[in-house]
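Novice: One structure is given below, represented as structure tokens, and several questions about it will come after.
Protein chains in written order, with our numbering: chain X, 1 to 389; chain U, 1001 to 1389.
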């Protein structure tokens, strides 16, 4: 959403005002004696940046006449979901039944599980229960899955909308756009209400690909809507991704967007030009636990905290303000390579780590440490942490 | 521990009796109507294999006169920790204060945090509390960390043992072996009891490297013990890793071993020859949620379930019994490439996925689905899931 130009990695490595502000802010917290801000590893959220991100995406959606249905897989936090709804979001998007349950239990009244569910195991009963508690929409991309949903939901299917997933070039799940109508017709004959179509332009997540993926997405959704028309159905919902592509998802055919990462942003979105440094709302607080030799420091942030998202060359995360990269991870160790001719990081130094991909990071923590505008902090539970099925 | 020869990847891809047994067993559970065994994604543990693994490692340790102090970072399960202690384990190893707390709360009386802790934030108070509840040992590898531990523990330091971490060739944390005595002397003068030395031969985790890393480990520990002698101290505890190197960690100098992964084993240990197929006790149950084109199936197991452990070439996991690899992951999608001239996997097919590295997998789930010898199943909480600090 930032609309900034593509950035080279070297730009990102440079210390900037934004990072410096964060570090000052954080250490002000330490001086104020806030024990939670001396904790690591911890997921630190800057409340004012979070609020700005939520407001900006809502303004974007409003100004283009789209509904905003944020994907909660990124934050898995009831508190943040409530901020999004209060700002004007139409409802939320979930990736699993478990995520939907957490938000339904918190009173969210309109939930779309944007995933091609196979409704077996405990999901049968859980979906029936969800349908009683919230306005529930479910993704579908095969006749077999529609059959299983019918078996699971029975009479409750009248309370549920199906939304047909189409594939728009990402090589992901979903029917070909031209086949959307036929599947919708099939599900309609099973007694389901089919509300429309959705897709995810996952191929917009590499540098330079955002506009292209968004264009593919618009064309695919347009074709899918036509295939609904061809079988005498109407696609009321025409739903698009994603944080990297949102700013280009302005086709008239699109009725809603489902970005997730924009609440926090991350290194990947920064590299893509999908956010500015000042829009990054989440860091992982880390402490140097080993500094035995010049040129190397080991942090207490490993694969269990930030995920193995990245590779040794581009790194698994970067120290904000300093630019040092984590080039190797163990479960509880993160290895930084430092220039030997620069000041080293002694044991005990706390640093903020910018992850490449924020979603798995949040899912690693039970709580978010939210730095409030007054410098205090609140602990917010990652309410739907895990909840993989 | 299996003592089998190094295996090529092709061997692993072949269907075998072991996997076939698992699949039959699992689907017997389904036929018996056990809803928990129709659930995905789920972490399925075979109780009889788990029990065999625990007993075999204990026999190995006993027969070589070593104490066994299993690392609980792998299972994070109080139930499994109790099985290990009941089988004869001396105590447990933890990687974080949070893990230690969970097991201390469950009554485990002897806990070693084998990590170079920096005792700041809430860790100050939490370590004091732990020292009151369990026999606590803590890793240390710098004077600064010893100073901070002194500040955190105060008078309680008398109830805590420090164990000096040495580096044995893995490029990990730890002092040079020759420096162990000097650090032990420093900590002793701060009023700590220093019980000995520990190391982790992390460079034994690549094929063919196990014996070599274990030899490095033995030499480094021997030198560290000598450096204790040189300053007039005794290293009572001489502690070694790890599942891949355990069977070679028989040097007389070693008093205890700290393997973790042996309870479950995984694809990495299988490739290393550190276990047999029949020793694998954990699989991730997955369901095909998309099968739009021949040669590809998408599972509901993505990076949030099995972690991004691996790479596109060797894969992020393999379907047991079939050999198909996950070559790409999204958060909730795992992509399988299938031979187009073989039977495809239709939507709704359940398959067991063997992960490369089991530790992050367990940490992804709130519960383990434990298949009991009678074919029933129990849900065991992953009690220390998360608990990263």
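We put the beta carbon where it would ideally sit given N, CA and C, even for glycine.
1) State the Cα-Cα distance for the pair residue 345/X and residue 1148/U, rounded to the nearest angstrom.
2) Please list the terminal residues of the continuous beta strand (DSSP E) segment that includes residue 127/X.
3) Out of 1294/U, 1310/U, 1293/U, 1289/U, point me to the one whose CA is closest to residue 1301/U's CA.
4) Closer than 7 Å, Cβ to any Cβ of chain X: which residues of the region 1128-1152 of chain U, in chain order?
5) Using a Cβ cut-off of 7 Å, pull out every chain X residue sitting near residue 1041/U, in sequence order please.
6) What first and last residue would you give for the alpha helix (DSSP H) that runs through residue 262/X?
7) Indicate the three-state DSSP secondary structure (helix, strand or coil) for residue 1110/U in the structure shown.
8) Interface residues of chain U around residue 365/X at Cβ under 9 Å?
9) Rounding to the nearest angstrom, what Cα-Cα distance links residue 1381/U and residue 1360/U in this structure?
10) For residue 1013/U, which of helix, strand or coil comes out of DSSP?
11) Between the region 305-316 of chain X and chain U, which residues of the former have a C-beta closer than 7 Å to a C-beta of the latter?
12) Taking Cβ-Cβ distances shorter than 8 Å, what residues in chain X pair up with residue 1359/U?
13) What are the start and end residues of each continuous beta strand (DSSP E) run of 3 or more residues lying completely inside the region 1032-1080 of chain U, in chain order?
14) Could you have a look at residue 315/X and say whether DSSP puts it in helix, strand or coil?
15) Can the beta-carbon of residue 1160/U be found closer than 8 Å to that of residue 1180/U?
16) Taking the alpha carbon of residue 1239/U as the point to measure from, which residue in 1205/U, 1143/U, 1051/U, 1071/U has its own alpha carbon closest?
17) Three or more beta-carbon pairs under 8 Å between the region 191-204 of chain X and the region 148-158 of chain X, yes or no?
18) Assign residue 1440/U to one of three DSSP states: helix, strand, or coil.
19) How many Å lie between residue 1146/U and residue 50/X at the Cα?
20) State the DSSP-derived secondary structure class of residue 1283/U, mapped to helix, strand or coil.
21) In three-state terms, what does DSSP make of residue 92/X?
22) Counting only runs that start and end within the region 1124-1186 of chain U, where is the beta strand (DSSP E) found for 3 or more residues in a row?
23) Select from 248/X, 226/X, 186/X, 127/X the residue whose C-alpha is nearest the C-alpha of residue 66/X.
24) So residue 201/X packs on residue 171/X, CB below 8 Å; how close in whole Å?
25) Residue 156/X CB to nearest chain U CB: under 8 Å?
26) Quick check on DSSP: helix, strand or coil for residue 1192/U?
27) Does the pairing of the region 1339-1357 of chain U with the region 1271-1284 of chain U give three or more beta-carbon distances under 8 Å?
28) Between residue 380/X and chain U, is there a C-beta pair that is closer than 8 Å?
29) Can you give, in chain order, each stretch of the alpha helix (DSSP H) that sits fully within the region 1286-1344 of chain U and has at least 4 residues?
30) Under the three-state reduction of DSSP, which class applies to residue 1374/U: helix, strand or coil?
31) What is the rounded straight-line gap between the Cα of residue 42/X and the Cα of residue 257/X?
32) Rounded to whole angstroms, what's the CA-CA distance from residue 1232/U to residue 1090/U? Just pull it up for me.
33) For a contact defined as C-beta to C-beta under 7 Å, what are the partners of residue 298/X on chain U?
34) Assign residue 1237/U to one of three DSSP states: helix, strand, or coil.
35) So, for residue 351/X: in the same chain, excluding its five sequence neighbours on each side, which residues have a beta-carbon less than 6 Å away from its beta-carbon?
36) Can you tell me the Cα-Cα spacing of residue 265/X and residue 104/X, whole angstroms?
Specialist: According to the structure data:
1) Translated into positions along the first chain, residue 345/X becomes position 345. Translated into positions along the second chain, residue 1148/U becomes position 148. Going from the Cα of residue 345/X to the Cα of residue 1148/U covers about 17 Å.
2) Start at 1 with the first residue of the first chain, and residue 127/X comes out as number 127. Note, residue 127/X: premise wrong, no beta strand (DSSP E); alpha helix (DSSP H) at 123-133.
3) Counting from one through the second chain, the residue named residue 1301/U turns up at place 301. Considering only alpha carbons, the answer is 1289/U.
4) 1141, 1142, 1144, 1145, 1148
5) Counted from its first residue, the second chain places residue 1041/U at position 41. 388, 389, listed in chain order.
6) Residue numbering aside, residue 262/X sits at position 262 when the first chain is read from its first letter. Residue 262/X -> no alpha helix (DSSP H), and no H or E assigned at all.
7) The count along the second chain starts at 1 and reaches residue 1110/U at position 110. Of the three classes helix, strand and coil, the one that applies to residue 1110/U here is strand, per DSSP.
8) Within the first chain, the letter at position 365 stands for residue 365/X. Those are 1386, 1388, listed as they occur along chain U.
9) Position 381 of the second chain, counting from 1, holds the residue named residue 1381/U. Position 360 of the second chain, counting from 1, holds the residue named residue 1360/U. Spanning the two alpha carbons is a distance of roughly 15 Å.
10) The residue given as residue 1013/U occupies position 13 in the second chain. Because residue 1013/U carries a pLDDT of 35, less than 50, the predicted location of this residue cannot be relied on, and no value is offered for it.
11) 305, 307, 308, 309
12) Translated into positions along the second chain, residue 1359/U becomes position 359. Under the 8 Å cutoff, chain X gives 304, 331.
13) 1042-1046
14) On the first chain, position 315 is the one that residue 315/X refers to. Residue 315/X: strand per DSSP, three-state reduction.
15) If you number the second chain from 1, residue 1160/U lands on position 160. If you number the second chain from 1, residue 1180/U lands on position 180. Not in contact: residue 1160/U and residue 1180/U (Cβ atoms no closer than 8 Å).
16) Against the second chain, residue 1239/U aligns to sequence position 239. When only C-alpha atoms are compared, the closest one is 1071/U.
17) yes
18) Residue 1440/U falls outside the range modelled here, since chain U spans only 1001 to 1389, and no answer is possible.
19) Locating residue 1146/U in the second chain gives position 146, counting from the first residue. Locating residue 50/X in the first chain gives position 50, counting from the first residue. Roughly 38 Å between the two C-alpha positions.
20) Here the question's residue 1283/U lines up with position 283 in the second chain. Reduced to three states, the DSSP call for residue 1283/U is strand.
21) Position 92 of the first chain, counted from the first residue, corresponds to residue 92/X. Here residue 92/X sits in strand by DSSP.
22) 1135-1140, 1160-1165
23) The residue labelled residue 66/X in the question sits at position 66 within the first chain. When only C-alpha atoms are compared, the closest one is 248/X.
24) By one-based count along the first chain, residue 201/X stands at place 201. By one-based count along the first chain, residue 171/X stands at place 171. Not confirmed; about 11 Å, so no contact.
25) Along the first chain, read from residue 1 onward, the residue named residue 156/X stands at position 156. False, the Cβ-Cβ gap to chain U never drops below 8 Å.
26) Along the second chain, one-based indexing puts residue 1192/U at 192. Three-state DSSP puts residue 1192/U in coil, outside helix and strand.
27) yes
28) Position 380 of the first chain holds residue 380/X. No, its Cβ sits nowhere closer than 8 Å to a Cβ of chain U.
29) 1303-1306
30) Sequence index remark: in the second chain, residue 1374/U carries index 374 (1-based). Coil at residue 1374/U, not helix or strand.
31) To locate residue 42/X, count along the first chain from 1; it is residue 42. To locate residue 257/X, count along the first chain from 1; it is residue 257. For residue 42/X and residue 257/X, the distance between alpha carbons rounds to 30 Å.
32) The residue labelled residue 1232/U in the question sits at position 232 within the second chain. The residue labelled residue 1090/U in the question sits at position 90 within the second chain. Rounded to whole angstroms, residue 1232/U to residue 1090/U spans 27 Å at the Cα level.
33) The count along the first chain starts at 1 and reaches residue 298/X at position 298. Chain U residues near residue 298/X: 1173.
34) What you label residue 1237/U is simply residue 237 of the second chain in a count that begins at 1. The answer is strand: DSSP assigns residue 1237/U an E or B state.
35) Against the first chain, residue 351/X aligns to sequence position 351. The residues are 286, 319.
36) As a position in the first chain, residue 265/X is number 265, starting the count at 1. As a position in the first chain, residue 104/X is number 104, starting the count at 1. So the alpha carbons of these two residues sit roughly 25 Å apart.
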